[in-house]
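**Q**
Number of protein chains: 2
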Amino acid sequence: MQRVLSRQLPTHIGTPVRIAGWVHRRRLLKSVAFLILRDATGLAQVVVTDPATRAQVEQLTEESAVEVTGTPVAEPAAPAGVELTAPRVRLLGAPAVPPPFDLYRPTLTASLPTQLDHAAVALRHPTRAAALRISAAAVAGFRATLDGQGFTEVHTPKIVSSSTESGATVFALDYFGRPAYLAQSPQFYKQLMVGVLERVYEVGPVFRAEPHDTVRHLAQYTSLDAELGFVADHRDVMAVLRDTLAGMLGEVSVRAGAALAALGRTVPSVPAEIPALHFTEALAVAGAPDDEPDLAPAHERAVGEWAARQHGSDFVFVTGYPMAKRPFYTHPDPARPAYSNGFDLLFRGVELVTGGQRLHRYDDYLAALAARGEPVGAYAGYLDGFRHGMPPHGGFAIGLERLVARLVGATNVREVTAFPRDLHRLTP
Amino acid sequence: MQRVLSRQLPTHIGTPVRIAGWVHRRRLLKSVAFLILRDATGLAQVVVTDPATRAQVEQLTEESAVEVTGTPVAEPAAPAGVELTAPRVRLLGAPAVPPPFDLYRPTLTASLPTQLDHAAVALRHPTRAAALRISAAAVAGFRATLDGQGFTEVHTPKIVSSSTESGATVFALDYFGRPAYLAQSPQFYKQLMVGVLERVYEVGPVFRAEPHDTVRHLAQYTSLDAELGFVADHRDVMAVLRDTLAGMLGEVSVRAGAALAALGRTVPSVPAEIPALHFTEALAVAGAPDDEPDLAPAHERAVGEWAARQHGSDFVFVTGYPMAKRPFYTHPDPARPAYSNGFDLLFRGVELVTGGQRLHRYDDYLAALAARGEPVGAYAGYLDGFRHGMPPHGGFAIGLERLVARLVGATNVREVTAFPRDLHRLTP
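Chains as they are written, first to last, in our numbering: chain A, 1 to 428; chain B, 1001 to 1428.
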């Protein structure tokens, strides 16, 4: 008998079926017992009246993997309006040792460290699993949008000979007797691949050895990187980012709408054109002095409120950040060289994505590094590619866990990461 | 004026357009000059008769990034039957330093080490770029097939506290003062995620510190991993693998058919049911003694010939490898416990994919590790998940670079890898 998923039960009323999953909960009443089975698509209620089967169900433990054959009948009070009657239950594998917290309660009451210590079971809780499904849907939308705009997926080295942007926060490793580092970002490689494929993206792990024990930092996170050539300036990049974000959120609705609804969240809407403020305008909107070198969190909140008030938008671009605050590969604004062609995208007043136009001339790289007192040698392999004809280009990077945390309303990125790595955590 | 791609030129005959790309080649004849421009979609021929523009084109170097405005006219002898006339040429960025090898010749004549030393330019050669496009298409097909079969994409840790399968071939790193390792595979994590999402896949880097200097080994490669729960045995896994492979090759045809054709290759066809031989049958087919513990390359070739001869198939499964030759997490054949529920998929007589059913009972893991004299402690965080109810499950892993090398007929996996990492190579 072919297995049926819990979600499919309403279309099998009256016909014997086989379902399989985990013992989510049991309710042992006097005249009847209920077994709630959980599978990848939801919950199914099984009604047990037969004494032998009841004795078997009484022996079961929560989280044991089981299969149940029985006949679905309509029952308005059951999940999806159907319950399985006259069941036969078979244990798959060994009886489960009950987990250290109850997975059947609406929320996980265990502390986050306890959940993370027992991630393999904690993630089974529907709220935790929902975040993983939303994450997968967002990534699918990222790829689908960029595939549709002529981008090609690439896979770049995660072991590199020098740090990407600064030496302070990299993991060092022994590479066949030579010093090497884990890549902090695919920045240089995606730029070089613009010279090959014009438009590229990569979804992959990046590594930051930052000794920050905060709700926002992970030692490994998933970076969604895109880079495109033959741009006029950063505004072409912003247009692709706008479409990408809309595609990601659209795919979350399509693929993970139920997961989002289970968390009581809705998908924010992305305007056809996201409002944009120049950095100097953003300072004015925030009531900050016009010589501030960067936006403080309070300024970002003020800009977010401006976008909501003036444009009804949850999103707002800030462009033209001062060059001094951006990485050395950032392209300056030709009209105002102290300001950059770099941008941040804010979501409800907090930075969500960073991007911009990059330098594309070899000599400009040499000058930028010299101006910062950085040695050219560490970047030699990267810079060499720029000697052989690179078009104007730019791109952006989205931190997947931070994005998903914002979508589901999690305060800690660890809540939306399957097996987080941080300053203190290397297992499980 | 909106940019037009070279591939789109035939639909713009007679209307002025703007194209952009790299100077692929120049031909300076007496009365006319030709500039061949390369963009992401192919080549475009530009005809130059105007003396000022000709002088400009004479100054250009190959690989410089340029944009050209002009009017497309039909010309049967030109690429795609069209050429751009009355052009105006504008240099984008700086003139290119000519690369150390000619990119416009049909094949790259530079040695592979030279190509790899200058990967950022070598990859621009249409044959090298074609392999990257085929690779991206294959991965897209992997995901699309599994998405359609209820799988969810996951992202798992690449920094782990102990080695996955054996301690000999891992990269060690310093993790905030503690010893840690780069993950050799997502094996344990994908298994644990079966307990959460039932069916999962991951596309990501894996790391092997193997000191092998061969045409098949990379220190980092892209692994396409899938794992599914509630299987009867390994045959359910083989069925998913068959569909996945067909989906991957189908997507290569759809998305990268031109790239494959440019390399003179065709996509092999995957039979609706891939023929399968038990290990003991495979030995007999190969004429090997029936006490051989494994298949030698000559045996695999013989099995491949058998599949072609008897079934007209490029693909063949070998099932039931002896347990002694498979990893400790492999599930034995209940009827013949010396043989496993593990399989290899051979393509034209060479192993392409490995997979199988895994152990799912905690006690079976303890027994398997004890039988191999391996300490349980190193696997504690992994094994704990198996105490809390795991269904029968299995999966497979496809090495992306090896698959693409086979598809394009490359003898060395480095030919199809953007920036390979190996025993000797850490840059670019």
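Every residue, glycine too, gets a C-beta built ideally from N, C-alpha and C.
Say whether chain A places a C-beta atom closer than 7 Å to the C-beta of Ala1367(B).
**A** The residue given as residue 1367(B) occupies position 367 in the second sequence. Any Cβ of chain A closer than 7 Å to the Cβ of Ala1367(B) would place that residue at the interface, and such an atom is absent.
**Q** Compare the beta carbon distance of Glu63(A) and Gly1389(B) with 7 Å and say whether it is the shorter of the two.
**A** In the first sequence, residue 63(A) corresponds to position 63, counting from 1. In the second sequence, residue 1389(B) corresponds to position 389, counting from 1. Taking 7 Å as the Cβ cut-off, Glu63(A) and Gly1389(B) qualify as a contacting pair.
**Q** Identify whether Gly1320(B) lies in helix, strand or coil by the three-state DSSP scheme.
**A** Locating residue 1320(B) in the second sequence gives position 320, where the first residue counts as 1. Correct three-state label for Gly1320(B): coil.
**Q** Check each candidate in Gly250(A), Tyr329(A), Thr11(A) and name the one with the smallest Cα separation from Ile134(A).
**A** Translated into the one-based positions of the first sequence, residue 134(A) becomes position 134. For the residues Gly250(A), Tyr329(A), Thr11(A), the minimum Cα distance to Ile134(A) belongs to Gly250(A).
**Q** Name the chain E residues that come within less than 7 Å of Ile1398(B), Cβ to Cβ?
**A** No chain E is part of this structure, whose protein chains are labelled A and B.
**Q** Quick one: Cα of Arg301(A) to Cα of Pro289(A), how far?
**A** By 1-based counting over the first sequence, the position of residue 301(A) is 301. By 1-based counting over the first sequence, the position of residue 289(A) is 289. About 16 Å.
**Q** Is Leu1224(B) close to chain A, meaning its C-beta is less than 7 Å from at least one C-beta of that chain?
**A** Translated into the one-based positions of the second sequence, residue 1224(B) becomes position 224. Chain A, which has no Cβ nearer than 7 Å to the Cβ of Leu1224(B), makes this no.
**Q** Within 7 Å (strictly less), CB to CB, does Ile1159(B) reach chain A?
**A** Indexing the second sequence from 1 puts residue 1159(B) at position 159. It does; some Cβ of chain A falls within 7 Å.
**Q** With a CB to CB cut of under 6 Å and the five nearest residues on each side skipped, what residues in its chain are close to Leu283(A)?
**A** Working through the first sequence from its first residue, we reach residue 283(A) at position 283. Closer than 6 Å at the Cβ level, and outside the excluded window around Leu283(A), lie Asp290, Glu292.
**Q** Residues of chain A with a CB under 7 Å from the CB of Glu1202(B): which are they?
**A** By 1-based counting over the second sequence, the position of residue 1202(B) is 202. In chain order: nothing, as chain A lies at least about 10 Å away.
**Q** Using a Cβ cut-off of 9 Å, which residues of the stretch 26-46 of chain A contact any Cβ in chain B, in chain order?
**A** Asp39, Ala40, Thr41
**Q** Taking 7 Å as the threshold (C-beta atoms), are Ala1040(B) and Ala1130(B) in contact?
**A** Counting from one through the second sequence, the residue named residue 1130(B) turns up at place 130. Counting from one through the second sequence, the residue named residue 1040(B) turns up at place 40. It is not a contact, given that the beta carbons lie outside the stated cut-off.
**Q** Using DSSP bridges, identify the partner residues of Gly70(A).
**A** Counting from one through the first sequence, the residue named residue 70(A) turns up at place 70. For Gly70(A), which the question treats as bridged, DSSP gives the partners Val17(A).
**Q** Buried or exposed for Gly1409(B), going by 16 or more other Cβ atoms inside 10 Å?
**A** Here residue 1409(B) refers to the residue found at position 409 when the second sequence is read from its first residue. It is exposed - the Cβ of Gly1409(B) has fewer than 16 other Cβ atoms within 10 Å.
**Q** Among Leu5(A), Val350(A), Pro95(A), Leu192(A), which has the Cα closest to the Cα of Leu407(A)?
**A** What you label residue 407(A) is simply residue 407 of the first sequence in a count that begins at 1. The option with the nearest alpha carbon to Leu407(A) is Val350(A).
**Q** Which stretch, first to last residue, makes up the beta strand (DSSP E) that contains Asp344(A)?
**A** Position 344 of the first sequence, counted from the first residue, corresponds to residue 344(A). Here the beta strand (DSSP E) through Asp344(A) covers 342-347.
**Q** Relative to the C-alpha of Val1196(B), which residue among Val1206(B), Leu1260(B), Phe1151(B), His1424(B) is closest?
**A** Mapped onto the second sequence, residue 1196(B) falls at position 196. When each option's Cα is compared against that of Val1196(B), the closest is Phe1151(B).
**Q** Any heavy atom of the ligand SAH within a distance shorter than 6 Å of the CB on Val1240(B)?
**A** Of ligands this structure carries none, so the ligand SAH is not represented either.
**Q** Distance cutoff 7 Å, beta carbons only. Does Gly93(A) sit that close to anything in chain B?
**A** For the purposes of this step, residue 93(A) is identified with residue 93 of the first sequence, where counting begins at 1. So, interface residue.
**Q** Does Tyr1181(B) have its Cβ less than 7 Å from a Cβ in chain A?
**A** As a first step, residue 1181(B) is located in the second sequence; it is residue number 181 there, counting from the start. It does not; no Cβ of chain A falls within 7 Å.
**Q** Looking at the structure shown, is Phe34(A) part of a helix, part of a strand, or coil, going by DSSP?
**A** Here residue 34(A) corresponds to residue number 34 of the first sequence, with the count starting at 1. Strand at Phe34(A).
**Q** Below 8 Å on the Cβ atoms is my guess for Leu1037(B) versus Ile1019(B); work out the distance and round it to an integer in Å.
**A** Working through the second sequence from its first residue, we reach residue 1037(B) at position 37. Working through the second sequence from its first residue, we reach residue 1019(B) at position 19. That pair is a contact at about 6 Å.
**Q** Give the straight-line distance between the Cα atoms of Phe958(B) and Val1046(B), rounded to the nearest whole angstrom.
**A** No answer is possible for residue 958(B): it lies beyond the span of chain B, which begins at 1001 and ends at 1428.
**Q** For Ala380(A), count neighbouring C-beta atoms within 10 Å of its own C-beta (all shown protein chains included) and say buried if the count is 16 or more, exposed if not.
**A** As a position in the first sequence, residue 380(A) is number 380, starting the count at 1. Result: exposed.
**Q** Pull up the distance between the alpha-carbon of Asp1384(B) and that of Pro428(A), whole angstroms please.
**A** Position 384 of the second sequence, counted from the start, is the residue given in the question as residue 1384(B). Position 428 of the first sequence, counted from the start, is the residue given in the question as residue 428(A). Distance between the alpha carbons of Asp1384(B) and Pro428(A): 9 Å.
**Q** Using 7 Å as the limit for Cβ to Cβ distance, is His234(A) near chain B?
**A** Looking up residue 234(A) in the first sequence gives position 234. It does not; no Cβ of chain B falls within 7 Å.
**Q** Using a Cβ cut-off of 7 Å (strictly closer), state whether Val1017(B) contacts chain A.
**A** One-based indexing of the second sequence puts residue 1017(B) at position 17. No - not a single Cβ of chain A is within 7 Å of the one on Val1017(B).
**Q** Any beta-carbon of chain B closer than 7 Å to the one on Tyr329(A)?
**A** Start at 1 with the first residue of the first sequence, and residue 329(A) comes out as number 329. Cβ-Cβ to chain B under 7 Å: no for Tyr329(A).
**Q** The beta strand (DSSP E) spanning His1278(B) covers which residue range?
**A** Against the second sequence, residue 1278(B) aligns to sequence position 278. Taken as a continuous stretch (DSSP letters only), the beta strand (DSSP E) holding His1278(B) covers 1276-1278.
**Q** At what residue ranges does the stretch 291-317 of chain A contain a whole run of the alpha helix (DSSP H), taking only runs of 4 or more?
**A** The stretch 291-317 of chain A contains these whole alpha helix (DSSP H) runs: 297-311.
**Q** What does the alpha-carbon distance come out to for the pair Leu1029(B) and Pro1087(B)?
**A** As a first step, residue 1029(B) must be located in the second sequence, where it is residue number 29. As a first step, residue 1087(B) must be located in the second sequence, where it is residue number 87. Computed Cα separation, rounded: 17 Å.
**Q** Can you name, in chain order, every residue of its own chain whose Cβ lies under 7 Å from the Cβ of Ala1120(B), other than the five neighbours on each side?
**A** Translated into the one-based positions of the second sequence, residue 1120(B) becomes position 120. Hits under 7 Å: Pro1428.
**Q** In chain order, what residues of the stretch 1090-1124 of chain B put their CB closer than 7 Å to some CB of chain A?
**A** If the cut-off is 7 Å between Cβ atoms, the stretch 1090-1124 of chain B has Leu1092, Gly1093, Ala1094, Ala1096, Val1097, Pro1099, Ala1120, Val1121, Leu1123, Arg1124 near chain A.
**Q** Using only the alpha-carbon positions, how far apart do Asp243(A) and Asp147(A) sit?
**A** Counting from 1 along the first sequence, the entry for residue 243(A) is found at position 243. Counting from 1 along the first sequence, the entry for residue 147(A) is found at position 147. Computed Cα separation, rounded: 12 Å.
**Q** Alpha carbons only, please: which of Leu60(A), Val66(A), Val32(A), Val82(A) is nearest the one belonging to Ala11(A)?
**A** Counted from its first residue, the first sequence places residue 11(A) at position 11. Sequence check: residue 11(A) is Thr here, not Ala. Of the listed residues, the one whose Cα sits closest to Thr11(A) is Val82(A).
**Q** Which residues in the same chain as Gln1115(B) place their Cβ atom closer than 7 Å to its Cβ, once the five residues preceding and following it in sequence are excluded?
**A** Sequence index remark: in the second sequence, residue 1115(B) carries index 115 (1-based). Around Gln1115(B): Leu1108, Ala1122.
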